[in-house]
Amino acid sequence: MKRTLESRAFISAILAMAIGTFLFYTHPFPDEQIFLRVIAVRAPQAFLSFKYLYCALLFTTPYLVCSTVLSGLYIFTLKARQTISPGRLPKYPDPSKRDDLFLVVGEVHNPRKPVPAKAPFWLTIPERGLFTGIAILGAIGSGKTSCCMLPFAEQILAYKAADKEKRIGGLILEVKGDFCRKVKDGPRITSKSVSIPSTATTLSTTTSTPTPSRTTSPRS
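The numbers in our numbering rise by one with no breaks, and the one at position 46 of the sequence shown is 39.
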């Protein structure tokens, strides 16, 4: 019953084809009526339009009726009784203990329906996807740095941090400099036992644009 109602669009189409074919042969277009014959003589294009519309309604009307009935059964019977016990996310993979390099960017619960999921999982970007570049867009104060850039930097820098040969190094270039200072001095990264030397973070801040010096010639 559940699978049938979830496939209600396909079932409605099959029923509409069967009912429409039956009505097409049992109730053909009444082209013998006097008014329709007059229309056929005076306006043949209008007559053909009425005929094609009649044939189309023989199939579309049963589809709409079947779809409405099955949708009503799904809403008031199956969906009303459906109870989903939300599952628990698996343990967050510690960046310093990961065997493979990947980036956790969020959670996946139910990608199609706004209901709890039985088996949620972490949404990750694999190592191959990290080489394509990541763009973080948003308005001022929307959390681009605190919710995206800092957690991403924490995961990247913590990967194989104890291994001097496999740990990841990088160069951070920024206009404002806030993110660079947070990466260098932030407790979120240093608390993970990730050592960042002072030369590991390149801080690029913009200052006022220097104005060219003016030279004045002495008056003669």
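C-beta: ideal position from N, C-alpha, C; glycine also.
>> With a threshold of 6 Å on Cβ separation, who are the neighbours of Leu51 within its own chain once the five nearest residues in sequence on each side are excluded?
In response: The sequence position of residue 51 within the sequence shown is 58, counting from 1. Around Leu51: Gly13, Leu16 and Phe17.
> Within this structure, are the beta carbons of Cys48 and Ser5 separated by less than 7 Å?
Replying inline: As a first step, residue 48 must be located in the sequence shown, where it is residue number 55. As a first step, residue 5 must be located in the sequence shown, where it is residue number 12. Cβ atoms of Cys48 and Ser5: not closer than 7 Å.
>> Please classify Val176 as buried or exposed, where buried requires at least 16 neighbouring CB atoms within 10 angstroms.
In response: Mapped onto the sequence shown, residue 176 falls at position 183. Buried, since its Cβ has 16 or more Cβ neighbours within 10 Å.
> Are there 16 or more other CB atoms within 10 angstroms of the CB of Tyr45, so buried, or fewer, so exposed?
Replying inline: One-based indexing of the sequence shown puts residue 45 at position 52. The residue in question, Tyr45, is exposed, as its Cβ has fewer than 16 Cβ neighbours within 10 Å.
>> What would DSSP say about Gly99, mapped onto helix, strand or coil?
In response: Residue mapping note: residue 99 aligns to position 106 of the sequence shown, counting from 1. The three-state reading of DSSP puts Gly99 in strand, counting E and B together.
> What residue from Thr(-3), Met10, Pro113 and Ala33 has the CA that sits closest to Pro79's CA?
Replying inline: Locating residue 79 in the sequence shown gives position 86, counting from the first residue. When each option's Cα is compared against that of Pro79, the closest is Pro113.
> Got a sec, what are the start and stop residues for the beta strand (DSSP E) Ile118 sits in?
Replying inline: Along the sequence shown, read from residue 1 onward, the residue named residue 118 stands at position 125. For Ile118, the enclosing beta strand (DSSP E) has its first and last residue at Phe114 to Pro119.
> When the Cα atoms are used, what is the spatial distance from Gly134 to Cys140?
Replying inline: Your numbering for residue 134 matches position 141 in the sequence shown. Your numbering for residue 140 matches position 147 in the sequence shown. Taking the straight line from one Cα to the other gives about 11 Å.
>> Tell me which residue opens and which closes the alpha helix (DSSP H) that Val168 is part of.
In response: One-based indexing of the sequence shown puts residue 168 at position 175. Premise fails: Val168 is in no alpha helix (DSSP H) and is neither H nor E.
> Between Tyr152 and Leu94, is the Cβ-Cβ spacing less than 7 Å?
Replying inline: In the sequence shown, counting from the first residue as 1, residue 152 sits at position 159. In the sequence shown, counting from the first residue as 1, residue 94 sits at position 101. It is a contact, given that the beta carbons lie within the stated cut-off.
> Out of curiosity, what's the CA-to-CA distance linking Ser184 and Gly126?
Replying inline: On the sequence shown, residue 184 is found 191 positions in, with the first residue counted as 1. On the sequence shown, residue 126 is found 133 positions in, with the first residue counted as 1. Here the model assigns Ser184 a pLDDT of 43, short of 50, so the residue's position is not dependable and the matter cannot be decided.
> In terms of residue numbering, what span does the alpha helix (DSSP H) encompassing Phe40 cover?
Replying inline: To locate residue 40, count along the sequence shown from 1; it is residue 47. Run containing Phe40: Pro37 to Leu66, per the alpha helix (DSSP H) assignment.
> Using 8 Å as the Cβ pair cut-off and three pairs as the minimum, do the region 107 to 121 and the region 82 to 96 touch?
Replying inline: yes
> Ordered along the chain, which non-local residues of its own chain (more than five positions away) have a Cβ less than 6 Å from that of Ile146?
Replying inline: Taking the first residue of the sequence shown as position 1, residue 146 is located at position 153. At residue 146 the sequence reads Ala, which differs from the Ile that was named. Hits under 6 Å: Val176.
> What residue range is occupied by the uninterrupted alpha helix (DSSP H) comprising Phe3?
Replying inline: Locating residue 3 in the sequence shown gives position 10, counting from the first residue. Note, Phe3: alpha helix (DSSP H), Arg1 to Thr19.
>> So, with DSSP's three-state summary, where would you put Lys157?
In response: Position 164 of the sequence shown, counted from the start, is the residue given in the question as residue 157. If DSSP states are grouped into helix, strand and coil, Lys157 belongs with coil.
> For Thr(-3), does the count of other Cβ atoms within 10 angstroms reach 16, so buried, or fall short, so exposed?
Replying inline: Locating residue -3 in the sequence shown gives position 4, counting from the first residue. When all chains shown are included, Thr(-3) counts as exposed.
> Under a Cβ-count criterion, where at least 16 other Cβ atoms within 10 Å of its own Cβ denotes burial, should Gln148 be classed as buried or exposed?
Replying inline: Counting from one through the sequence shown, the residue named residue 148 turns up at place 155. Counting Cβ neighbours within 10 Å, Gln148 comes out buried, since at least 16 surround it.
> How big is the Cα-Cα spacing for Ser42 and Lys111?
Replying inline: Mapped onto the sequence shown, residue 42 falls at position 49. Mapped onto the sequence shown, residue 111 falls at position 118. Cα to Cα, the separation comes out at about 52 Å.
> Under the rule that 16 or more other beta-carbon atoms within 10 Å means buried, what is Ala11, buried or exposed?
Replying inline: By 1-based counting over the sequence shown, the position of residue 11 is 18. Here Ala11 is exposed. Its C-beta has fewer than 16 other C-beta atoms within 10 Å.
> When DSSP labels each residue in this structure, what does Gln148 get in the three-state scheme?
Replying inline: By 1-based counting over the sequence shown, the position of residue 148 is 155. For Gln148, the secondary structure class from DSSP, reduced to helix, strand or coil, is helix.
> Do Arg1 and Leu63 come within 7 Å of each other at the CB atom, strictly closer than that value?
Replying inline: On the sequence shown, residue 63 is found 70 positions in, with the first residue counted as 1. On the sequence shown, residue 1 is found 8 positions in, with the first residue counted as 1. Yes, the pair counts as a contact, with Cβ atoms nearer than the cut-off.
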